[in-house]
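Residue numbers (our numbering), protein chains in the order written: chain A, 1 to 417; chain B, 1 to 417; chain C, 1 to 417.
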Amino acid sequence: MSETLSVAQQALDTANEAKFIANNLWMLMATVLVFIMHLGFATLESGFVRRKNVVNILFKNIMIVSIGLLSYYTIGFGLMYPGVEGGFLEFAGFGLNNPEGTLGLIEYADGNYTYYTDFIFQAMFAATCCTIVSGAVAERAKLLPFLLFCVLFVSLAYPISGYWKWGQGWLDARGFYDFAGSTLVHSVGGWGALAGALLVGPRLGKYTDKGLKPIPGHNMPLATVGVFLLWFGWFGFNGGSVLSGDPGMVSLVFITTSMAAAAGCIGAFIISKLVYRSYDLGMALNGILGGLVGITASADGVSIPSALIIGFIAGGIIPLSIGFFDRIKIDDPVGATSVHLVCGIWGTIAVAIFGNYDEGVGTLGVQLLGIAVVGVFTFTFAFIIFFILKKTIGIRVDKKEEIKGLDIGEHQATAYS
Amino acid sequence: MSETLSVAQQALDTANEAKFIANNLWMLMATVLVFIMHLGFATLESGFVRRKNVVNILFKNIMIVSIGLLSYYTIGFGLMYPGVEGGFLEFAGFGLNNPEGTLGLIEYADGNYTYYTDFIFQAMFAATCCTIVSGAVAERAKLLPFLLFCVLFVSLAYPISGYWKWGQGWLDARGFYDFAGSTLVHSVGGWGALAGALLVGPRLGKYTDKGLKPIPGHNMPLATVGVFLLWFGWFGFNGGSVLSGDPGMVSLVFITTSMAAAAGCIGAFIISKLVYRSYDLGMALNGILGGLVGITASADGVSIPSALIIGFIAGGIIPLSIGFFDRIKIDDPVGATSVHLVCGIWGTIAVAIFGNYDEGVGTLGVQLLGIAVVGVFTFTFAFIIFFILKKTIGIRVDKKEEIKGLDIGEHQATAYS
Amino acid sequence: MSETLSVAQQALDTANEAKFIANNLWMLMATVLVFIMHLGFATLESGFVRRKNVVNILFKNIMIVSIGLLSYYTIGFGLMYPGVEGGFLEFAGFGLNNPEGTLGLIEYADGNYTYYTDFIFQAMFAATCCTIVSGAVAERAKLLPFLLFCVLFVSLAYPISGYWKWGQGWLDARGFYDFAGSTLVHSVGGWGALAGALLVGPRLGKYTDKGLKPIPGHNMPLATVGVFLLWFGWFGFNGGSVLSGDPGMVSLVFITTSMAAAAGCIGAFIISKLVYRSYDLGMALNGILGGLVGITASADGVSIPSALIIGFIAGGIIPLSIGFFDRIKIDDPVGATSVHLVCGIWGTIAVAIFGNYDEGVGTLGVQLLGIAVVGVFTFTFAFIIFFILKKTIGIRVDKKEEIKGLDIGEHQATAYS
C-alpha cells in the first residue's frame with residue numbers, strides 16, 4: 001500500500017515537473033521570438049530610410065536592445081512588478097548574490113515558469129517600446145540624446161504605466177483589459193514616437209510650399225524582411241502572453257494573431273488602392289503590422305471572424321492615418337505612429353466591441369479610460385524628456401549633417417560601398 | 001486507499017496534461033517555422049529576379065500568405081478534412097460563434113494537439129503551394145489575375161488532392177505514402193508553376209535566335225537568406241508532420257532532413273561543376289532545396305544513408321533539370337519547377353525504393369499512381385484557370401511594362417533608391 | 001489495490017514520457033536555433049567583405065554547413081564521443097542499418113533526449129568552427145583548398161579537442177570547465193582562423209607603406225542581420241548546452257547570455273568611442289558577439305552582474321584586439337580572431353574568476369591549461385594543414401583574381417546586377 005502511494009506520489013511529482021518544464025520552455029521560446037522582433041524593427045526601419053541614414057538607424061537599434069535590457073534589469077522590472085519577490089529595485093540586488101537561487105524559484109507563477117523566465121520575457125518586451133520611437137524620429141534625431149531618452153523611457157515610463165495593469169495596479173482593478181499590449185506596449189511606444197516626431201520636426205524637404213514630397217525608403221526587400229520577422233516574433237509576443245503553454249489558449253492566440261495580420265494586409269491593400277490608386281507595398285506591409293497591433297489587446301478572447309474584422313479595420317486605417325499625419329505635417333518616416341499608436345488605440349477599443357471576457361472587464365468606458373490615462377502620462381513624459389533634451393544638448397542634427405546624412409555625420413561611415 | 005487512488009488519478013491527469021502541452025507546443029513551434037518559410041520564399045524569389053521586378057515579387061509574396069490563410073480558413077480546411085468536426089465548410093462556421101469551444105477541443109487528435117493547432121499548422125502549409133507558383137511566373141505575370149489564381153488554388157486544388165491522402169481519402173486507402181508533402185505540397189505547387197510558366201510564356205529576351213541568354217538574379221545574398229530560412233522552416237515542415245513531439249520520430253526526421261539538404265548541396269555542386277564547369281551558387285542553393293523536397297515524402301521512414309542518397313540525387317537532378325527546362329524553352333526564373341516538381345516526384349518515388357513502411361504502403365505502383373493522378377488533376381486545374389484568365393483579363397503585362405519592369409508598371413515604385 | 005497500483009504505474013510512465021518529450025523538444029529547438037547561426041555567419045561575413053567577393057563567401061558558407069554535417073556524421077561524432085554506443089566510427093555504421101533503432105534509444109542521456117537528437121545538436125555545433133575560419137581568410141583564400149581544410153578540421157581537430165572535455169576525456173577529469181564552448185568551439189575556430197590568416201597573408205592593399213588602409217564592408221544591414229541572427233541562435237547554443245529543459249538552468253542561461261551580449265555592445269561602444277573617437281557600427285556588432293563568446297564558458301554558473309562584467313570586458317576587448325591584429329599586420333576582414341579567439345580565451349578564464357562550480361572545477365590553473373593545450377593542438381593542426389595545402393595546390397588566388405574579385409574568378413558571377 002505505502003509502496004503504491006509512493007509510486008503515485010512519485011508520478012505526481014514527475015507529472016508536475018514535466019508540466020513545469022513544458023510551460024517554462026514555451027515562455028522561453030516566446031522570449032526568443034520576441035527577441036528577433038528587434039531584428040524585425042532594425043530591418044524594417046533601415047529599409048524605410050534613405051541610404052545615407054542606414055548605419056545610424058542600425059546603430060540605434062542594436063543600442064536600444066542593449067540599453068533596454070540593462071535599463072529594465074536595473075530599474076524597470078522592479079518598478080513594474082513591485083509585488084514580486086521584494087519589489088522595487090530588488091531584482092538587481094537579488095541577482096547579485098544568488099545565482100543558485102534559481103532552482104529555488106521553480107514554484108513561481110503557479111509552477112508555470114521561473115522568476116528568471118519571467119524577467120527575460122518581460123525585458124524583451126520592454127525594449128520594443130523604444131524601437132518604435134526610433135523609427136518616427138529617424139533620419140534627423142541626434143544619437144546620444146535619443147539613447148538617453150531610451151534609458152528613461154524603458155526605466156520609468158514603460159514600467160510605470162505597465163504596472164497600472166500588468167503589475168496589478170489601479171487600471172487592472174477597474175477592469176481595464178489589454179492582453180499583450182496594444183496600449184501598454186504599442187501605444188506607449190506610439191505616444192513616445194508622436195512626442196518625438198513633433199519636437200524633432202519633419203525632415204528637410206518633406207513638406208514644401210509645393211506640397212508633400214514623398215521620400216521613399218531605400219531598400220524594400222529589407223523592409224519586407226522586417227515585417228515577416230515581426231509577424232514571426234508576434235507568435236511569441238502574443239502567444240507568450242498566455243503565460244503558459246495552455247494548448248487551447250495558445251493555439252487560439254496563434255489563429256487570431258495570424259488572421260488579423262492577413263486581414264490587415266488585405267485591408268491596407270484595398271484602401272490604399274481606393275484612396276491612392278496604387279498597389280503600395282509599404283502600405284500593405286504596414287497593414288500587416290497594423291493588424292498585428294490591433295489584435296494584440298484581445299488575441300485571447302475574440303472569435304476568428306472578430307479577429308478578421310479587427311485586423312481588416314486596422315489595416316484599412318493605415319493608409320488613412322499615414323495620409324492624415326502627412327496632412328498635419330507630422331513626419332514619421334516609417335509610419336510608426338499610425339501602426340503602433342493609432343492601431344493600438346483601435347485594438348484597445350476592439351476589446352470592448354468583440355471581446356468575450358468576464359462581466360465588467362474590458363467595457364468601453366474603462367478601455368477609453370485606460371487609453372486616455374496611459375496616453376496622457378506617456379505622451380507628457382516623452383514630451384518633457386525630449387523638450388528638456390532639445391533645450392539643452394539638442395535633439396536634431398544640424399542642417400548640413402542632415403543633408404549629408406547621419407551615417408557620415410555621426411559615424412563617419414556608409415552603409416554600402 | 002481511496003486517497004492513494006486519488007493521488008494516482010491526479011498524477012495521471014497531470015501527466016496526460018503535461019504530455020498534451022508538450023506535444024501541442026511542438027506543433028505550434030512547427031507552425032511558426034513553416035510560417036517563416038514564406039519569408040524564405042519571398043527573399044529567394046526576390047533575390048533571383050531583376051531589380052526592376054523586386055517590389056512586385058515582394059508584394060505577391062505578402063499577398064499570397066494573407067490570401068492563403070484566408071482562403072484555407074474559409075474553404076480549404078473544411079474541404080481537405082471533411083471528416084473532422086462536421087466537415088466541409090464547417091470550420092469557418094464553427095469559428096464564428098464558439099471561441100470558447102477551444103478549451104473543449106483538447107482531446108482532439110489523441111490528445112496530441114488542439115483543433116485550432118491543427119488548423120493553423122495546416123493553413124501555413126497550404127499557403128506555400130502558391131508561393132511556389134509565384135516564382136515560376138515572376139517578372140511578367142500580372143498581379144491581380146495571379147492573386148485570383150491563388151485564391152482558387154488554395155481553396156480548391158490543394159485541399160482536394162490533399163484530401164485524397166491526408167484527409168483519409170482514396171489514395172490513402174490504396175497505400176500511397178507522402179509523409180510531409182513531396183507530392184501533396186511541392187509537386188502540387190510545381191504543377192501549378194509549370195502550367196503558369198507554359199501559359200504566361202518566357203520572359204522577353206531569354207530565348208533568342210542566338211540561343212539562351214541567362215538572366216542573373218539581382219541579389220545573391222537575398223537568395224541565400226531565402227534558402228537558409230527555407231531549410232530552417234523545413235525543420236517545422238517535416239518535423240511538425242510527425243503530428244506529435246515523439247522524440248524518436250522527430251529527431252530522426254531532423255537528421256534525415258538535414259542530411260538530405262547537405263547531400264543535395266554537394267550533389268548540385270558536383271554535377272554543376274561537371275556539366276557547367278563552374279561553382280554556381282544558384283545551383284548549389286537550389287540543390288539544398290531539391291534535397292529538402294526530395295526527403296519530404298520519406299523523412300520519417302528512411303535510414304540516414306538512404307537520406308544522403310535521396311538528397312544527393314535530388315541535388316544532382318537540379319542542374320540537369322534546370323538545363324532541360326531551358327532547352328524546351330519553359331522559362332522559370334527561380335527554378336521552382338525543377339526544385340518542387342521534379343524533386344517532388346523523385347522524393348515520392350524514393351519512398352518505394354528506400355522507405356521502411358508497412359506491407360503494401362508506398363509500393364512503387366501506388367506511388368506512381370499518386371504522382372500521376374495528383375499531377376493530372378493539379379496541372380489540369382491550374383492550366384484551365386490560367387487559360388481562362390489569359391483569354392479574359394490577361395495574365396501577362398504588356399511588352400513595354402515588362403521592359404520597364406513591373407515595379408514601375410504595377411506599383412509606381414522602385415525597390416531601391 | 002492492484003488497480004490503484006496500475007493507475008499509479010501508468011501515471012508514472014506517462015509522466016516520464018511527458019518529461020522526455022519536453023526535454024527532447026528543447027534540444028531539438030536548440031538545434032534549429034544553432035542551425036540558423038550558419039545564416040548569421042553567412043550574412044555577417046558577406047556584409048563585411050567587398051562586393052566583388054560576396055558570391056564566394058556565400059558559396060563557402062553553404063558548403064561549410066553541408067560539409068560539416070557530412071564530416072561530423074562520418075567521422076567526427078564517433079571520434080568525439082567514443083564511449084557512446086560503440087564508439088569511433090560506429091555512428092555511421094549504426095545509422096546504416098538500423099533506422100528503427102531510434103525508438104529503442106529513448107532511454108539515452110537519462111531520458112532527456114534521444115541519441116539522434118544528441119547527434120544532430122552536436123553536428124550543428126561542429127560545423128560552426130569552420131565558419132569562423134572562413135571569415136578570417138575571406139577575399140583571398142582559394143575555394144577548394146579551404147573546403148578540404150574544413151573536412152579535416154570538422155572530422156578531426158574539433159572532435160579530438162572536444163573529446164578531451166565533453167567526451168569525458170583527460171581535460172574533463174582534471175576539472176577543466178567550458179559550459180558551451182568558449183574554448184572548445186570558439187577558440188578552436190579562432191585558432192584555425194589565426195593559422196589561416198597568417199599563412200594566407202593580408203589582402204592586397206590593406207597594409208601599405210603609408211600605413212593601414214581600412215577596407216570597409218560592402219553592406220552593413222547584412223552584417224547587422226548576421227549579428228542579430230547569431231544572438232538569436234545563441235539562445236540555442238548556450239540554452240541547449242544545458243542538455244535538458246531544466247527551467248531554472250535554461251532561464252538562467254538565457255539571462256546571462258542576453259546580459260553579456262548587451263554589455264558587450266556597450267563595452268565596445270564606449271571603448272571604440274574613447275580609442276577611435278567614433279560610434280563604429282562594426283565595433284558595436286562585434287562587441288555583441290564578443291560578449292556572447294565571453295559568456296559561453298560560464299553561462300550556467302555565474303550571477304547576472306558577473307555576466308554583465310564578463311560581457312562588458314569582452315566587448316571592450318574587441319576594438320583593442322582588432323587594433324592589435326592590424327598593428328601586427330594579421331588581416332582578418334571580419335574580426336573573427338578577436339571575437340572568437342581572444343574573447344573565447346577571456347571567457348574561459350572568466351570561469352575561474354566568476355564561476356560558481358564544484359570544488360576543484362574551473363580553477364585558474366586548469367582553465368589556463370585547457371586554453372593552452374587546446375590552443376597548441378588546434379593551431380598546430382590548422383597550421384600544418386594550411387601549410388601543406390599552401391606548398392601543394394596553393395591556398396591563395398592569384399593577384400589578378402584578387403583584384404578582380406573572387407566572384408568573377410572562382411564563380412564567373414556577381415552578387416548584384
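Cβ atoms here follow ideal geometry from the backbone N, Cα and C, with glycine treated the same way.
### Query
When you compare each of C:I295, C:V293, C:F269 to M283 (chain C) by their alpha carbons, which one comes out closest?
Here residue 283 (chain C) corresponds to residue number 283 of the third sequence, with the count starting at 1. When only C-alpha atoms are compared, the closest one is C:F269.
### Under 7 Å from the C-beta of L143 (chain C): neighbouring residues of chain B
Counting from 1 along the third sequence, the entry for residue 143 (chain C) is found at position 143. Within chain B, the residues near L143 (chain C) are Y279.
### Task
Report the partner residues of T208 (chain B) according to the DSSP bridge assignment.
Here residue 208 (chain B) refers to the residue found at position 208 when the second sequence is read from its first residue. Its beta-bridge partners are B:G211.
### Task
Say whether chain A places a C-beta atom closer than 9 Å to the C-beta of V55 (chain B).
What you label residue 55 (chain B) is simply residue 55 of the second sequence in a count that begins at 1. For V55 (chain B), the answer is yes, since a Cβ of chain A falls inside 9 Å of its Cβ.
### Task
For my contact list, V302 (chain C) and G355 (chain C) are in at a C-beta cut-off of 8 Å; report their separation, rounded to the angstrom.
Counting from 1 along the third sequence, the entry for residue 302 (chain C) is found at position 302. Counting from 1 along the third sequence, the entry for residue 355 (chain C) is found at position 355. Right, their Cβ atoms sit about 6 Å apart.
### Query
Where does R140 (chain C) land, buried or exposed, given buried means 16+ other C-beta within 10 angstroms?
In the third sequence, counting from the first residue as 1, residue 140 (chain C) sits at position 140. Buried, since its Cβ has 16 or more Cβ neighbours within 10 Å.
### Task
Taking S244 (chain C) as part of the alpha helix (DSSP H), name the residues at either end of that continuous run.
Stepping through the third sequence from its first residue, residue 244 (chain C) is reached at position 244. Segment: none, S244 (chain C) is in no alpha helix (DSSP H) and carries neither H nor E.
### Buried/exposed call for G410 (chain A), threshold 16 Cβ in 10 Å
Locating residue 410 (chain A) in the first sequence gives position 410, counting from the first residue. In the sequence under discussion, the amino acid at residue 410 (chain A) is Glu, which differs from the Gly named in the question. It counts as buried.
### Query
Count the other CB atoms within 10 Å of the CB of I393 (chain B); is the residue buried (16 or more) or exposed (fewer)?
Locating residue 393 (chain B) in the second sequence gives position 393, counting from the first residue. The residue is exposed, with fewer than 16 neighbouring Cβ atoms inside 10 Å.
### Task
Over the uninterrupted alpha helix (DSSP H) stretch that includes D407 (chain C), give me the two end residues.
By 1-based counting over the third sequence, the position of residue 407 (chain C) is 407. Start and end: 406-411.
### L428 (chain B) at chain C interface by Cβ criterion, 9 Å
As shown, chain B starts at 1 and ends at 417. That puts residue 428 (chain B) outside it, with no answer to give.
### Query
How is N219 (chain A) classed by DSSP in three states: helix, strand or coil?
By 1-based counting over the first sequence, the position of residue 219 (chain A) is 219. In this structure, N219 (chain A) counts as strand in the three-state DSSP scheme.
### Endpoints, the alpha helix (DSSP H) within which N340 (chain C) is located
Along the third sequence, one-based indexing puts residue 340 (chain C) at 340. As written in the sequence, residue 340 (chain C) is His, which differs from the Asn given in the question. That residue, H340 (chain C), is in no alpha helix (DSSP H); it is neither H nor E in DSSP.
### Task
From the DSSP output, in three-state form, read off R50 (chain A) for me.
Stepping through the first sequence from its first residue, residue 50 (chain A) is reached at position 50. R50 (chain A): coil per DSSP, three-state reduction.
### Query
What did DSSP end up calling R327 (chain A) once you bin it into helix, strand or coil?
The residue labelled residue 327 (chain A) in the question sits at position 327 within the first sequence. Helix, per DSSP.
### Task
Look at G190 (chain B) and T337 (chain B) and say whether their C-beta atoms are less than 9 Å apart.
Along the second sequence, one-based indexing puts residue 190 (chain B) at 190. Along the second sequence, one-based indexing puts residue 337 (chain B) at 337. Contact flag set, yes.
### Message
A197 (chain A) and L285 (chain A) - do their beta-carbons sit closer together than 9 Å?
### Response
If you number the first sequence from 1, residue 285 (chain A) lands on position 285. If you number the first sequence from 1, residue 197 (chain A) lands on position 197. Not a contact, by the Cβ cut-off of 9 Å.
### Query
Where does the unbroken alpha helix (DSSP H) through H174 (chain A) begin, and where does it stop?
As a first step, residue 174 (chain A) is located in the first sequence; it is residue number 174 there, counting from the start. It should be pointed out that residue 174 (chain A) corresponds to Arg in this sequence rather than to His. Note, R174 (chain A): alpha helix (DSSP H), 170-174.
### Task
State the Cα-Cα distance for the pair N16 (chain C) and A8 (chain C), rounded to the nearest angstrom.
If you number the third sequence from 1, residue 16 (chain C) lands on position 16. If you number the third sequence from 1, residue 8 (chain C) lands on position 8. Near 12 Å, if we compare the C-alpha coordinates of A8 (chain C) and N16 (chain C).
#### Entry: Three-state secondary structure assigned by DSSP to A141 (chain C)
Counted from its first residue, the third sequence places residue 141 (chain C) at position 141. Correct three-state label for A141 (chain C): strand.
### Query
For Y416 (chain A), which residues does DSSP report across the bridge?
Sequence index remark: in the first sequence, residue 416 (chain A) carries index 416 (1-based). C:N219, per the DSSP bridge assignment.
### Query
T183 (chain B) to I21 (chain C), Cα distance in whole Å?
Stepping through the second sequence from its first residue, residue 183 (chain B) is reached at position 183. Stepping through the third sequence from its first residue, residue 21 (chain C) is reached at position 21. One C-alpha to the other measures close to 30 Å.
### Query
How would you write the range of the alpha helix (DSSP H) that D118 (chain B) sits in, first residue to last?
Within the second sequence, the letter at position 118 stands for residue 118 (chain B). Note, D118 (chain B): alpha helix (DSSP H), 115-136.
### Message
If you follow the alpha helix (DSSP H) that W365 (chain B) is in, where does it begin and where does it stop?
### Response
In the second sequence, counting from the first residue as 1, residue 365 (chain B) sits at position 365. The question names Trp, but residue 365 (chain B) is Gly in the sequence shown. That run of the alpha helix (DSSP H) goes 364-391.
### Query
Quick check: the segment 70-85 of chain B against the segment 356-365 of chain B, are there 3 or more CB pairs under 8 Å?
no
### Query
What number of angstroms, rounded off, separates the C-alpha of T43 (chain B) from the C-alpha of G290 (chain C)?
As a first step, residue 43 (chain B) is located in the second sequence; it is residue number 43 there, counting from the start. As a first step, residue 290 (chain C) is located in the third sequence; it is residue number 290 there, counting from the start. Approximately 29 Å, taken between the alpha carbons.
### Task
Could you name the residues of the segment 15-30 of chain B whose beta carbon sits closer than 9 Å to any beta carbon of chain C, in the order they occur along the chain?
A15, N16, E17, A18, K19, F20, I21, A22, N23, L25, W26, M29
### Message
Tell me which residues of the segment 155-189 of chain B have at least one Cβ-Cβ distance to chain C shorter than 7 Å, keeping chain order.
### Response
none
### Query
Going along the chain, which residues of its own chain have a beta-carbon closer than 8 Å to the beta-carbon of G47 (chain C), five neighbours each way excluded?
As a position in the third sequence, residue 47 (chain C) is number 47, starting the count at 1. Taken in chain order, the residues that qualify are G217, H218, N219, M220, P221, L222, A223, T224, V225, G226.
### Query
Are the C-beta of R50 (chain C) and some C-beta of chain A separated by less than 9 Å?
Against the third sequence, residue 50 (chain C) aligns to sequence position 50. Closer than 9 Å: yes.
### Query
What residues are listed by DSSP as bridge partners for R396 (chain B)?
Position 396 of the second sequence, counted from the first residue, corresponds to residue 396 (chain B). BP columns for R396 (chain B) point to B:A141.
### Query
By how many angstroms is the C-alpha of I408 (chain C) removed from the C-alpha of C343 (chain B)?
Here residue 343 (chain B) corresponds to residue number 343 of the second sequence, with the count starting at 1. Here residue 408 (chain C) corresponds to residue number 408 of the third sequence, with the count starting at 1. Spanning the two alpha carbons is a distance of roughly 30 Å.
### Query
Ends of the alpha helix (DSSP H) at P159 (chain B)?
Here residue 159 (chain B) is taken as the residue at index 159 of the second sequence, counted from 1. Start and end: 158-165.
### Message
Counting only Cβ-Cβ distances shorter than 9 Å, please list the residues of the segment 236-248 of chain C near chain A, keeping chain order.
### Response
G236, G239, S244, G245, D246, P247, G248
### Message
Can you tell me whether Y73 (chain A) is helix, strand or coil according to DSSP?
### Response
In the first sequence, the residue the question calls residue 73 (chain A) occupies position 73. Three-state DSSP puts Y73 (chain A) in a helix.
#### Entry: For K19 (chain C) and Y357 (chain C), the rounded distance between their alpha carbons
As a position in the third sequence, residue 357 (chain C) is number 357, starting the count at 1. As a position in the third sequence, residue 19 (chain C) is number 19, starting the count at 1. Distance between the alpha carbons of Y357 (chain C) and K19 (chain C): 26 Å.
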